[in-house]
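Counting the sequence shown from 1 gives a position; the working numbering is that position plus 581. Following: one structure in structure tokens, then a few remarks.
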Amino acid sequence: MAKCILCETDVTGVGRCDYCGLHVIHDLGDEKRIIEKQADDHRMKILSRIKAFGVKAYQYEIKEDDLDKKEHYITVLPVGENFEDEVTWSNQFGNAVKFDLGCAEVDLQLYIETMNNERISFSATLEPPRIDGHWYLGLKLNKNLNLEIYLGNKDNHTKVDDLKIPINHLGFNN
Ligand SMILES: [Zn+2]
582 MAKCILCETD VTGVGRCDYC GLHVIHDLGD EKRIIEKQAD DHRMKILSRI KAFGVKAYQY
642 EIKEDDLDKK EHYITVLPVG ENFEDEVTWS NQFGNAVKFD LGCAEVDLQL YIETMNNERI
702 SFSATLEPPR IDGHWYLGLK LNKNLNLEIY LGNKDNHTKV DDLKIPINHL GFNN
């Protein structure tokens with residue numbers, strides 16, 4: 582089975598990669614450099630449509646004996662042309678949301694903010710980190726366009742290594 586040279590997704594047959602939509606997917610030996618250049622260009626095209634990654638969070642306020650639930654969209658990772666080696670942590674998220682430490686897993690409502698100011702939602706499920714106090718959300722986008730997600734802090738966290746993001750909603754697979 583061939584792998585997509587950009588995102589490393591297994592690809593059957595010829596055509597476009599199901600995940601990132603890249604056309605040329607097979608390594609043709611001498612033409613490898615050309616294919617890699619195409620992959621780099623394609624990656625940049627995808628990134629140029631993404632403004633940032635963020636998370637939807639809720640803030641609770643007690644108002645006249647009622648619990649008022651407010652939705653917030655919090656930008657965590659602005660996307661540029663360069664890939665960072667470091668995880669980008671959001672301070673806001675930990676301050677805005679306190680999790681129930683008894684829960685078995687945490688469902689995060691993440692989104693891609695596009696250059697057209699649309700939000701494309703996707704989710705991730707993580708184990709809660711075993712720490713007291715506030716949790717923070719860390720994100721890192723890898724060169725293969727998979728997302729690393731961290732919950733906790735720099736020293737103590739749970740993580741998802743290779744979450745696939747909804748690239749197909751950015752208009753590359755049609
Ligand atoms: Zn691909």
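Heads up, the beta-carbon is just placed ideally off N, CA and C, and yes, glycines get one too.
In the same chain as S702, and ignoring 5 residues on each side of it, the C-beta atoms closer than 6 Å to its own belong to Y692, in chain order. Judged by the Cβ position, T669 fails to qualify as a neighbour of ligand 1 at the 8 Å threshold, every heavy atom of the ligand being at least this far.
The beta carbons of T669 and G635 sit no closer together than 9 Å. A contact is defined here as three or more CB-CB pairs under 8 Å, and the region 636-649 fails this definition with respect to the region 743-754. In the DSSP assignment, H653 falls within the unbroken beta strand (DSSP E) covering 647-659. The region 741-748 makes no contact with the region 652-661: fewer than 3 CB pairs, one atom from each, lie closer than 8 Å.
Between E662 and M696, the C-beta gap is not smaller than 9 Å, which leaves the two residues out of contact. Around the beta-carbon of K721, 16 or more other beta-carbon atoms lie within 10 Å, marking it buried. From the listed residues Y600, S629, N725, C598, the smallest Cα separation to N698 is found for S629. Here the distance from the Cβ of G602 to the nearest heavy atom of ligand 1 is below 8 Å. The beta carbon of N725 lies closer than 6 Å to those of C588, E589 in the same chain, with the five residues before and after it left out. For the options P747, E686, H604, the alpha carbon positioned closest to that of L732 is the one of E686. Annotated three-state conformation of N727 is strand, per DSSP.
Rounded to the nearest angstrom, the Cβ distance from V660 to K632 is 7 Å, consistent with a contact under 8 Å. With respect to the C-alpha of E694, the residue from E612, I746, G602 having the closest C-alpha is I746. The beta-carbon separation of I627 and C601, rounded to 7 Å, stays under the 8 Å limit for a contact.
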